[in-house]
Every structure is written in C-alpha cells, then in structure tokens.
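K.L.:
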Amino acid sequence: MINIFDFFDEKLIFEELGDSPIKITTPKTSVISAEIDAKELQKELLVVFPQNLTELYNQISHITILWSLSENDKDSINQFQNDEWLKENYLDNDYDWGVVHEYLSGFINITKGENLFNPAFCKDQAYYHTLSNKEENQ
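By my numbering, the letter at position 1 of the sequence shown is numbered 138, and the numbering carries on one by one without gaps.
1. What are the start and end residues of the alpha helix (DSSP H) that includes residue 253?
2. Measure the alpha-carbon distance for residue 255 versus residue 248 and round it to whole angstroms.
3. Could you tell me which whole alpha helix (DSSP H) segments of length 4 or greater appear in the segment 169 to 216?
4. Which residues in the same chain have their Cβ closer than 8 Å to the Cβ of residue 239, if we skip the five residues on either side of it in sequence?
5. Identify whether residue 246 lies in helix, strand or coil by the three-state DSSP scheme.
6. Check residue 141 in the structure and name its three-state DSSP category.
Encoded structure:
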C-alpha cells in the first residue's frame with residue numbers, strides 16, 4: 138500500500154516539483170489524516186470504491202495542493218513569456234501575462250469522501266453543472 142503522506146509530500150511536491158528546471162511555489166499544501174473509515178462510508182452510501190480509492194480514504198480525508206510559477210525565478214518566467222506557442226495563442230492575442238501565469242498554475246483538491254456523495258455539498262461546487270445534465274441525479 139502506498140503511504141499517501143509520503144507520496145504527496147515527498148514524491149510529488151519535493152521530488153517531482155522540486156527537481157523541475159521550472160521553479161514553482163506551493164503556497165498551500167495540506168494533507169489531513171483520515172477521520173472516517175472508507176469501508177464504513179461505503180456501507181452508509183451503498184457504493185463500492187475501487188481498492189486504491191478505499192486505501193486513499195482510509196489514510197486521508199482531504200488533500201490540497203496549490204502551485205504556480207515562482208515570480209522570483211526570472212528565467213522560468215522569460216522561458217514562458219518567450220514561448221512561441223504561448224505568444225501566438227495568448228500573449229499576442231491581448232491576454233495579459235497575469236492570465237497566462239494563472240493558466241500555468243494548478244490546484245489539486247481531494248475533498249472528504251463523505252462530501253463526494255452529499256448532494257447538498259455537490260450542488261454548491263463549481264463542478265455540479267458539469268457533472269449533471271439537467272441539474273438532477275448528479
């Protein structure tokens with residue numbers, strides 16, 4: 138079984154992102170340990186999770202990782218500001234660098250398992266309209 142704390146904290150953030158030639162910042166990272174038993178949650182919701190998802194939710198209840206290009210690394214910024222594709226598709230088409238910078242940023246948000254199957258919680262989320270054709274039976 139993969140240790141989720143080690144995977145996200147060490148492998149993803151420090152190894153993968155830290156060794157990148159592009160310097161990024163991670164202003165928010167958090168992994169909150171499990172508060173629920175995924176097997177119990179499955180029984181309550183009458184669903185069956187794949188084994189790896191059950192293992193994930195047995196270890197954590199929430200993961201948040203936010204990253205963006207480091208504004209202090211001028212070499213990385215220059216590399217993107219002078220990228221031909223970005224210039225042709227964005228920067229030369231009236232897109233401000235701030236917008237492109239945000240497009241090059243990312244956010245991983247793995248929410249609590251009980252929230253995923255809570256219709257009231259889902260309705261308040263931005264993905265509600267994407268996942269639901271007629272705003273019902275999401």
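Backbone N, C-alpha and C fix where the C-beta goes; we use that ideal spot for every residue, glycine too.
P.N.:
In terms of the structure at hand:
1. 250 to 253
2. 12 Å
3. 175 to 182, 188 to 196
4. 205
5. strand
6. helix
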